[in-house]
Amino acid sequence: MTFPHAQAIMMLFEQIYRVSCIKKGINYHH
Numbered sequence: 219m220t221f222p223h224a225q226a227i228m229m230l231f232e233q234i235y236r237v238s239c240i241k242k243g244i245n246y247h248h
């Protein structure tokens with residue numbers, strides 16, 4: 219891989235953060 223390891227971790231956390239926000243939004247609507 220050509221990109222830094224730290225950047226990969228940040229991307230992973232960003233995806234998890236978005237998924238958690240989406241799940242929270244769905245829970246609030248229901």
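All residue numbers for the sequence shown refer to the working numbering, where the first residue is 219 and numbers rise by one.
All C-beta atoms, glycine included, are put in the ideal place defined by N, C-alpha and C.
Only a predicted model underlies this, so the values are computations on that prediction, with no experimental measurement involved.
Cβ shell of residue i (< 7 Å), same chain only, five flanking positions each side left out
| i | result |
| --- | --- |
| Lys-241 | none |
| Gln-225 | none |
Own chain, CB closer than 8 Å to residue i, minus 5 neighbours either side, in chain order
| i | result |
| --- | --- |
| Met-229 | none |
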